[in-house]
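Visitor: Residue numbers (UniProt numbering), protein chains in the order written: chain A, 1 to 364; chain B, 1 to 364. Quick reminder that beta carbons are idealized off the backbone N, C-alpha and C, glycines included. These figures come from a predicted structure and were not determined experimentally. Just dropping this structure here.
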């Protein structure tokens, strides 16, 4: 009944085979010693892909957007000034989420397709509690310089969205001064959507909201079960029922990545993205993201004049089983988003994406 | 590496085979027409197991506890009086979650192991905004009379936890006057943990918080993508990336249940629970939940004097691959919880649970 798809959109991507197989493994209870071992190892593997030594590194039991919510709900005290770099949909979303947590939001707006202007963000307020930015904007295909934000953050906490960077491009949370980070499983980690890899450093945790408005995402309570509990060896405290199948799948996907080698995986994503972007330009298409700041794992390309964006996507899906993404927000019908993530960051996927797009555009 | 388990605890249970297989099906994107069809059909199937015609019936992208949070965060206005029937851990948790949402909580405390006292709850406050209760208390194995609460609720909204009842025992949300309900997938629905089946009626939706503190669980925004969107046929609005593999699994698990027939599935759970409870008493063990109010799908039994509760559970797991649960809260070491849910609500599982417990107690 279900047709196989090439998931070449902005996510989810096709999972690594190891991650899919783990979903179908015999289910374990959330307090089973074997599951706790898998969970602790998952947290360790997450530390590696985040580039962090934070004890509080864990998969939250919800999708990446809940990671964003957890980041703000645990750290924003009412009235706190939060500077948000907005250069796409997910920066915009941060302003909404932060405001619901009671923040006084200072949004630093950018043209979509441009990277974050570090100087403007750092000078937007003299003493913000938090500076927030998206490392890899899923809506525009742009990479921003998180290390520069970290170097200039002063006393502020640096809060970073790494949904479309983790496991695909260089990410060094500790070296870059990231205090709070969240991500998703369904992009370059090559795992089905459903969990939010999360990390928070000691400095941010010490300043946290003691009793956040969210019970489900309360890091103080969660830590009794996962993350720091696996490091300290303390007695586990039940909080909620962990999504054990999804965690086992993430464990397996991370295992696949670390076996290949994190830097080799980054290089594989870079090579695929470079080849895709070169091929698109050779076809006469124009890229959307600013030159020099393009993500390799997620490419944005302008829809040619006179071409029906949705009709092309429909034909790609129905004729070739290929999903690509529409643009986001104001660019819904004028930009396509093509992701080559996880197992799809390969030369054959590049060839197929280019050939199929050429085929369908030729028919249009 | 992973050993097969008999998951006879309070959940997760072993999933239905159909639900496990669906997890390993080719992954679909969250905006794929085929996925949207599966999602809409999942919402339809959820309406059947909830016993509701509510358009706003959907699987939330997180576990059952997030369902509790969604229930309160979308309906509690600051200062609202919320009467909570507390007859176990999950009623207790409701008071915490409601208070974080700004409720003035009126907790009606009961002895654990007893059902909700409908008269005391209904007379606890003259005009509550919300009356909240747990249908099947996972911590104690007790069933409460939701229909009686609904009959006497007056103008209040009735908010119900159906985590351990849905798909296992009679549940008729509309007939009983349930305005807001949440559940989990990992109990009698026989699906891995990770989603929270949720339903909300028009009356509650009209009184909702327009901009709740949670962005992730904002029902007003979610409805553009799932639930009512599938009923009205409106253009889908992206909110967050749905956990597509888990939704496909829930779809399959619900399909399995409805193929067997919902009433037949309830009868199967009842028969298994009756046989288990009779067998335990024949072994000389004493049940914990009040007679006449015992859940068939989750049985609580007192640990005999002088027996080391944890040692028995460990031996069951290591010798027989059987997981049973410890007691909850103050009963952690004096009660066991034995669940026969989903595919485990069968005569062979009853025999195995009894024989294994007898074997291990004989060795203790």
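Please name the residues in the stretch 219 to 247 of chain B whose beta-carbon is closer than 9 Å to at least one beta-carbon of chain A, in chain order.
Guide: Under the 9 Å Cβ criterion, the stretch 219 to 247 of chain B contributes 238, 239, 240, 241, 242, 243, 244, 245 and 246.
Visitor: Have a look at residue 344 of chain A and residue 128 of chain B and give me their C-alpha separation to the nearest angstrom.
Guide: Reading the first chain from its first residue, position 344 is the one you call residue 344 of chain A. Reading the second chain from its first residue, position 128 is the one you call residue 128 of chain B. So the two alpha carbons sit approximately 54 Å from each other.
Visitor: Under 8 Å, CB to CB, which of the residues in the stretch 173 to 196 of chain B have a partner in chain A?
Guide: Listed by position along the chain: 184, 186, 192, 193 and 194.
Visitor: Spatial neighbours of residue 252 of chain A within its chain, please: CB distance less than 6 Å, with the 5 preceding and 5 following residues excluded, ordered by chain position.
Guide: Start at 1 with the first residue of the first chain, and residue 252 of chain A comes out as number 252. Once the five neighbours on either side are set aside, the close Cβ partners of residue 252 of chain A are 18, 19 and 22.
Visitor: With a Cβ-Cβ cutoff of 8 Å, do residue 159 of chain B and residue 196 of chain B count as a contact?
Guide: On the second chain, residue 159 of chain B is found 159 positions in, with the first residue counted as 1. On the second chain, residue 196 of chain B is found 196 positions in, with the first residue counted as 1. Contact flag unset, no.
Visitor: Show which residues of chain B have a CB atom less than 7 Å away from the CB atom of residue 331 of chain A.
Guide: Here the question's residue 331 of chain A lines up with position 331 in the first chain. Here the premise fails: no neighbours, minimum Cβ distance about 13 Å.
Visitor: When you compare each of B/234, B/126, B/248 and B/209 to residue 30 of chain B by their alpha carbons, which one comes out closest?
Guide: Numbered from its first residue, the second chain carries residue 30 of chain B at position 30. Comparing Cα positions, the closest option is B/248.
Visitor: Using C-beta distances below 8 Å, list every residue in its chain close to residue 266 of chain B, excluding the 5 sequence neighbours before and after it, in chain order.
Guide: In the second chain, counting from the first residue as 1, residue 266 of chain B sits at position 266. The residues are 168, 169 and 170.
Visitor: Look at the Cβ atom of residue 70 of chain B, then the Cβ atom of residue 189 of chain B, and state whether they are nearer than 8 Å.
Guide: Indexing the second chain from 1 puts residue 70 of chain B at position 70. Indexing the second chain from 1 puts residue 189 of chain B at position 189. Cβ distance not < 8 Å, so residue 70 of chain B and residue 189 of chain B don't count as in contact.
Visitor: In the DSSP assignment, the alpha helix (DSSP H) including residue 215 of chain B goes from what residue to what residue?
Guide: Here residue 215 of chain B corresponds to residue number 215 of the second chain, with the count starting at 1. Premise fails: residue 215 of chain B is in no alpha helix (DSSP H) and is neither H nor E.
Visitor: Looking only at its own chain, which residues have a Cβ that is under 6 Å from the Cβ of residue 7 of chain B, when we skip the five neighbours before and after it?
Guide: Taking the second chain and counting its residues from 1, the one referred to as residue 7 of chain B is at position 7. So the list reads 13, 14 and 323, once near-sequence residues are dropped.
Visitor: Please report the Cβ distance between residue 387 of chain A and residue 241 of chain B, rounded to the nearest whole angstrom; I am assuming they are in contact, meaning their Cβ atoms lie under 8 Å.
Guide: The requested residue 387 of chain A does not occur in the structure, where chain A is confined to residues 1 to 364.
Visitor: Can you check whether the C-beta of residue 16 of chain B is within less than 8 Å of a C-beta belonging to chain A?
Guide: As a working note, residue 16 of chain B is residue 16 in the second chain. So, not an interface residue.
Visitor: I want to see whether chain B comes within less than 8 Å of residue 360 of chain A, judged by CB atoms only; does it?
Guide: Position 360 of the first chain, counted from the start, is the residue given in the question as residue 360 of chain A. Chain B contact via Cβ: absent.
Visitor: Hey, out of B/54, B/3 and B/39, whose CA is closest to residue 204 of chain B's CA?
Guide: Position 204 of the second chain, counted from the start, is the residue given in the question as residue 204 of chain B. Ranking B/54, B/3 and B/39 by Cα distance to residue 204 of chain B puts B/54 first.
Visitor: Please determine, among B/175, B/77, B/67 and B/233, the residue with the shortest C-alpha to C-alpha distance to residue 39 of chain B.
Guide: Position 39 of the second chain, counted from the start, is the residue given in the question as residue 39 of chain B. Among B/175, B/77, B/67 and B/233, the Cα nearest to that of residue 39 of chain B belongs to B/233.
Visitor: Can you find the residues in the same chain that come closer than 6 Å, C-beta to C-beta, to residue 254 of chain B, ignoring five residues on each side of it along the sequence?
Guide: Position 254 of the second chain holds residue 254 of chain B. So the qualifying residues of the chain are 45.
Visitor: Considering only the alpha carbon of each residue, which of B/296, B/293, B/303 and B/294 lies closest to residue 284 of chain B?
Guide: Counted from its first residue, the second chain places residue 284 of chain B at position 284. Of B/296, B/293, B/303 and B/294, the residue nearest in Cα terms is B/303.
Visitor: Which residues in chain A have a C-beta closer than 8 Å to the C-beta of residue 96 of chain B? List them in chain order.
Guide: Working through the second chain from its first residue, we reach residue 96 of chain B at position 96. Within 8 Å Cβ-Cβ: 215.
Visitor: If I measure Cβ to Cβ from residue 142 of chain A and keep anything under 6 Å in the same chain, skipping five residues before and after, which residues do I get?
Guide: For this step, residue 142 of chain A is matched to residue 142 along the first chain. Hits under 6 Å: 115, 289 and 293.
Visitor: Taking only beta-carbon atoms, is residue 20 of chain A less than 8 Å away from chain B?
Guide: To locate residue 20 of chain A, count along the first chain from 1; it is residue 20. At least one chain B Cβ lies under 8 Å of residue 20 of chain A.
Visitor: Closest by CA to residue 119 of chain B, which one among B/340, B/98, B/144 and B/263?
Guide: Numbered from 1 along the second chain, position 119 holds the residue referred to as residue 119 of chain B. When each option's Cα is compared against that of residue 119 of chain B, the closest is B/144.
Visitor: Which two residues bound the contiguous beta strand (DSSP E) that contains residue 196 of chain A?
Guide: Here residue 196 of chain A is taken as the residue at index 196 of the first chain, counted from 1. It spans 196 to 200 - the beta strand (DSSP E) in which residue 196 of chain A sits, taken as one unbroken run.
Visitor: If you measure between the beta carbons of residue 346 of chain A and residue 227 of chain A, is that distance less than 8 Å?
Guide: Counted from its first residue, the first chain places residue 346 of chain A at position 346. Counted from its first residue, the first chain places residue 227 of chain A at position 227. Taking 8 Å as the Cβ cut-off, residue 346 of chain A and residue 227 of chain A do not qualify as a contacting pair.
Visitor: Which residue comes first and which comes last in the beta strand (DSSP E) that contains residue 161 of chain B?
Guide: Residue 161 of chain B sits at position 161 when you count from the first residue of the second chain. 157 to 161 is the extent of the beta strand (DSSP E) around residue 161 of chain B.
Visitor: For a quick check, are the C-beta atoms of residue 83 of chain A and residue 125 of chain A less than 8 Å apart?
Guide: For the purposes of this step, residue 83 of chain A is identified with residue 83 of the first chain, where counting begins at 1. For the purposes of this step, residue 125 of chain A is identified with residue 125 of the first chain, where counting begins at 1. Against a cut-off of 8 Å, the Cβ pair of residue 125 of chain A and residue 83 of chain A comes out as a contact.
Visitor: Would residue 192 of chain B and residue 165 of chain B be called neighbours here (beta carbons separated by less than 8 Å)?
Guide: To locate residue 192 of chain B, count along the second chain from 1; it is residue 192. To locate residue 165 of chain B, count along the second chain from 1; it is residue 165. Not closer than 8 Å, so no.
Visitor: So with CB distances below 8 Å, who are the chain D contacts of residue 32 of chain B?
Guide: No chain D appears in this structure, whose protein chains are A and B.
Visitor: With a threshold of 7 Å on Cβ separation, who are the neighbours of residue 262 of chain B within its own chain once the five nearest residues in sequence on each side are excluded?
Guide: Residue 262 of chain B sits at position 262 when you count from the first residue of the second chain. Excluding sequence neighbours, residue 262 of chain B sits near 48 and 49.
Visitor: For the beta strand (DSSP E) that residue 371 of chain B lies in, which residues bound it at each end?
Guide: Since the first and last residues shown for chain B are 1 and 364, residue 371 of chain B lies out of range.
Visitor: Check this for me: beta carbons of residue 112 of chain A and residue 95 of chain A, under 8 Å apart or not?
Guide: For the purposes of this step, residue 112 of chain A is identified with residue 112 of the first chain, where counting begins at 1. For the purposes of this step, residue 95 of chain A is identified with residue 95 of the first chain, where counting begins at 1. Contact: no.
Visitor: Please return the same chain residues whose Cβ sits closer than 7 Å to the Cβ of residue 25 of chain A, not counting the five positions on each side in sequence.
Guide: Counting from one through the first chain, the residue named residue 25 of chain A turns up at place 25. Same-chain partners within the cutoff: 248.
Visitor: Between residue 61 of chain B and chain A, is there a C-beta pair that is closer than 8 Å?
Guide: Position 61 of the second chain holds residue 61 of chain B. With 8 Å as the cut-off, residue 61 of chain B counts as an interface residue toward chain A.
Visitor: Taking the alpha-carbon positions, what's the residue 361 of chain A to residue 305 of chain A distance?
Guide: Here the question's residue 361 of chain A lines up with position 361 in the first chain. Here the question's residue 305 of chain A lines up with position 305 in the first chain. Cα-Cα distance, rounded: 12 Å.
Visitor: How many Å lie between residue 37 of chain A and residue 200 of chain A at the Cα?
Guide: Position 37 of the first chain, counted from the start, is the residue given in the question as residue 37 of chain A. Position 200 of the first chain, counted from the start, is the residue given in the question as residue 200 of chain A. Going by the C-alpha atoms only, they are around 21 Å apart.
Visitor: For residue 339 of chain A, write down the residues that DSSP places opposite it in a beta bridge.
Guide: By one-based count along the first chain, residue 339 of chain A stands at place 339. A/298, per the DSSP bridge assignment.
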